[in-house]
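**Student:** Residue numbering for the sequence shown follows the working numbering, beginning at 14 and increasing consecutively.
Positions of the beta carbon are idealized from the N, C-alpha and C atoms, including for glycine.
The model shown is predicted, which means the values in this text are computed figures rather than measured ones.
Just dropping this structure here.
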Amino acid sequence: MDLSDKILNALKKSGTYLSGQELSEAFGVSRTAVWKAVNKLKKEGCQIEAVTNRGYRLISADDADRLNERTLRESFREAGRFGRPVIYRKEPGSTNTDIMELSDAGSPEGTLVIAEKQTKGKGRRGRTWISPPEGNLYMSLLLRPDFPTASAPMLTLLAAMAVRDGMAAVTGEEELFRIKWPNDIVAVCRDGKVRKVCGILTEMRLEEREIRDVVVGIGINVGQKEFAPEIAETAASLLLVLGRPVPRAELAAASMRRFEQLYDVFRESGSFVPLRPEYEEALINRGRKVRVLDPAGVYEGTAEGIDDTGALLVRTEDGKMTAVSAGEVSVRGVEGYV
Ligand code: BTN
């Protein structure tokens, strides 16, 4: 715990004024150090009142939706390998690009970069992921898997499961969040519409035909209050869906804890088979009519689940079953996004 964490805890506990003298004695530091630590807390968004002859009083820590080095440090205190280290960046181009640079510089597997906004957020299929500083979560995880390249695309399914479970754990909403194949997370909104709340971009780099590293980039609409008209029908945030704020640092930590568990199961078994039932349970497409946008031709059918490689199983009207692999193909609902 650094000094600002200790002071924040002391102020929280006391509920009233604590003088600079009291704080400096309690923690064995100078009054200047106390003053600096209080300023740091203020910069991080805590409202602290300073009154001559009385000292400091915490007005509001308002930590719920605050993302900074301290809230991340606290939320990741119990982290295992994923999220160790966790690095906060205020305004990177893309957290995926940052992770690649950190990887090149020798950062370990599990390194996580989390940002408040991105200026060059990347989406799937070369699209842009608009990343405003509106209380969302933009994060990327470094993996150095030792399994064959063919298994790597399944990591993206694991990431979707992890974030879905993280959302369920932090919000207490078990049924609300589902997966749209392969790795979008959607919420079933009150108006019955299904809207995207999270997108995942996984980028793999090879070295002599082996996996050099995999970057799993996760963008979650957590606190955004408004979406551009062209996406308002298909995108939402956790705040809009739940009507209350969601603590971002905790959501990130819960998702990483779950990701690590799933990753270990996947590595030990060497396949997606043990995780398939759980993925299918969360899969919103299951039993729904889908349109497969295959560059070789668009067709429709009913999604029945996934196979052992994570491909979507679609039964067409003639009764034939097709396994649709992620990549060039995208899948939409016949009557809308899902
Ligand atoms: C999608 O198109 O659905 C995937 C979007 C992935 C966005 C995240 S935000 C954090 C990470 N950094 C990026 O530049 N992209 C991913």
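From what residue to what residue does the alpha helix (DSSP H) around G179 run?
**Tutor:** G179 -> alpha helix (DSSP H) spans P166 to T184.
**Student:** If W142 sits next to G134, beta carbons under 8 Å apart, how far is it from one beta carbon to the other, in whole angstroms?
**Tutor:** The pair is a contact, with the Cβ atoms about 4 Å apart (cut-off 8 Å).
**Student:** Whose C-alpha, out of E114, F95, Q60 and L168, is nearest the C-alpha of S284?
**Tutor:** Here the closest residue by C-alpha is L168.
**Student:** Among residues of its own chain, excluding the 5 on either side of L16, which ones have a beta-carbon nearer than 7 Å to its beta-carbon?
**Tutor:** F40, V42, A46 and A50
**Student:** Please list the terminal residues of the continuous beta strand (DSSP E) segment that includes D113.
**Tutor:** The identity of residue 113 in the sequence shown is Met, whereas the question assumes Asp. Unbroken run through M113 is the alpha helix (DSSP H), T108 to D117; no beta strand (DSSP E).
**Student:** Can we count T108 as close to the ligand BTN, meaning its CB is less than 8 Å from some heavy atom?
**Tutor:** yes
**Student:** Going along the chain, which unbroken runs of the alpha helix (DSSP H) with 4 or more residues stay wholly within the region 251-307?
**Tutor:** 251-255, 261-282 and 289-295
**Student:** Just to check, is the beta-carbon of M180 closer than 8 Å to a non-hydrogen atom of the ligand BTN?
**Tutor:** Flag unset: Cβ of M180 not near the ligand BTN.
**Student:** What is the C-beta distance between T215 and A175, in whole angstroms, given that I count them as a contact (C-beta under 8 Å)?
**Tutor:** Not quite, the Cβ-Cβ distance comes to about 12 Å (not below 8 Å), so this is no contact.
**Student:** Would DSSP call E313 helix, strand or coil?
**Tutor:** strand
**Student:** I want to check one thing, is the minimum distance from the CB of K133 to the heavy atoms of the ligand BTN below 8 Å?
**Tutor:** yes
**Student:** What does V42 pair with, by DSSP beta-bridge criteria?
**Tutor:** In DSSP, V42 forms no bridge with anything.
**Student:** By the three-class DSSP mapping on this structure, what secondary structure does A92 have?
**Tutor:** A92: coil per DSSP, three-state reduction.
**Student:** Measuring alpha carbon to alpha carbon, tell me which of I233, A248 and P242 ends up nearest V259.
**Tutor:** I233
**Student:** Given D197, which residues of its chain have a CB within under 8 Å of its CB, disregarding the five upstream and five downstream residues?
**Tutor:** A173, K209, C211, G212 and I213
**Student:** Please name the residue, chosen from V278, E187 and A248, that lies closest to E294 on a Cα-to-Cα basis.
**Tutor:** E187
**Student:** Residues bridged to Q60 by DSSP?
**Tutor:** Looking at the DSSP assignment, Q60 forms a beta bridge with S73.
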